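Step one of this worksheet: look at the structure below.
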Amino acid sequence: MRELWNLLLFHPLINSLIALYKVTGNLGWAIIILTVILRLAMTPLILPSLKLGKKMQELAPELAKLKEKFTGNKQGLALAQAELYKQHGANPAAGCLPQIIQLVVLIALFSALNSVLKPNGAGLVEHLNPLLYSFNRLDSDFHLSTKFLYLDLTKPDVSRVPSIPIPIPGIFLLLSAFVQLISSKMMLPVVNREKKLAQKTPQASDDAMVDAQQQMLYLFPLMTLVIGFQFPSGLVIYWFIFSAVSIIQQYYATGWGGLTPWLKKIHR
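Per my numbering, the very first residue in the sequence shown carries number 48; after that it's consecutive.
In structure tokens, the structure reads:
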């Protein structure tokens, strides 16, 4: 299994990263280009999930009516929802496999980046060459430049101030958390409608679902910040670019989604 993992995912990704570094001479740009290419290459896997999200957004008013109609009747609600999905050709489970494949690819990319972002110095060439194809191997005097803008890509994107006991997140770490918040919000197109329904129905399940959605909305950006304090900033760059491209794809597939109420408030 490990050999298959290396053959199909890990080795191609780490070789692509090193090849892009040789072309650009900059590890930051190599990470950005590889992330964009990979995200675009995964578009056929992403589209079913995005289309499903748009379909569920369109069905949200009907689903809300069904929840109100079948209050206290879980079995009746499940049957009615299944019939509604069947009528409109929507399958909530259809996006599961593409999501799993995406996750596997992302883990492989994370592993490749983490291998390259090990502290530079003696032993780096010996560490990387066994992972590289023969035409892509590094010379013994190879030195990996890890500088990108103000960052050392092998170190966390944080600053330390003597008078403040905790590190201060850097620009890219804050941007990563922000785009993660935007992405999460865009994926929740019916939160407000469901929240109103939860207030009108006695079922605890509605309230629990809305509460869970609201918690997840802010949990992912918070996790991005917490993890970013520990991980190399090169991984933060990757996550920022990946999330930014995801927002663009999400917008063209389904619009602003749950971000619409926020945008309306801004334009007032």
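Note that CB positions come from ideal geometry on N, CA and C, so glycine has one too. Being a predicted model, the structure only gives us computed values, none of them experimental.
Using CA coordinates, which residue listed in VAL226, THR301, LEU150, ILE313 is at the minimum distance from LEU85?
-> Cα-wise, what sits closest to LEU85 is LEU150.
According to DSSP, is ALA245 helix, strand or coil?
-> Confidence in ALA245 is poor, its pLDDT being 47 and thus under 50, which makes the residue's placement unreliable; the coordinate value appears in the next sentence. For ALA245, the secondary structure class from DSSP, reduced to helix, strand or coil, is helix.
Inspect the CB distances between the region 217-230 and the region 281-298 and report whether three or more fall short of 8 angstroms.
-> yes
Measure the beta-carbon distance from PHE287 to PHE219 and round it to whole angstroms, keeping in mind my assumption that it falls under 8 angstroms.
-> 6 angstroms
For LEU228 and LEU175, the rounded distance between their alpha carbons | 35 angstroms
Using the DSSP secondary-structure output, state which residues sit across from LYS194 in a beta bridge.
-> ASP199
Alpha-carbon spacing of ALA127 relative to LEU113, whole angstroms | Straight-line Cα distance between these residues: approximately 7 angstroms.
When the Cα atoms are used, what is the spatial distance from LEU64 to VAL172?
-> So the alpha carbons of these two residues sit roughly 15 angstroms apart.
Provide the residue span of the alpha helix (DSSP H) that contains LEU178, from first to last.
-> In the DSSP assignment, LEU178 falls outside any alpha helix (DSSP H), carrying neither H nor E.
Find out if the Cβ-Cβ distance for the pair VAL152, MET234 is shorter than 8 angstroms.
-> no
Collapsed DSSP secondary structure at ILE215 in the structure displayed | strand
Do you know offhand how far PRO216's Cα is from LEU200's?
-> 14 angstroms
What's the C-alpha gap between LEU56 and ALA155?
-> 6 angstroms
In whole angstroms, what is the alpha-carbon distance linking VAL163 and ILE61?
-> 8 angstroms
Under the three-state reduction of DSSP, which class applies to SER230: helix, strand or coil?
-> helix
Whole-angstrom C-beta distance between LEU67 and LEU81, which should lie under 8 angstroms | 6 angstroms
Would you call the region 181-196 and the region 302-310 touching, i.e. three or more CB-CB distances under 8 angstroms?
-> no
In angstroms, rounded to a whole number, what distance separates the CA positions of SER206 and SER181?
-> Each residue's alpha carbon lies about 40 angstroms from the other.
Nearest CA to the CA of PRO203: which residue from LYS101, PRO214, PRO209?
-> PRO214
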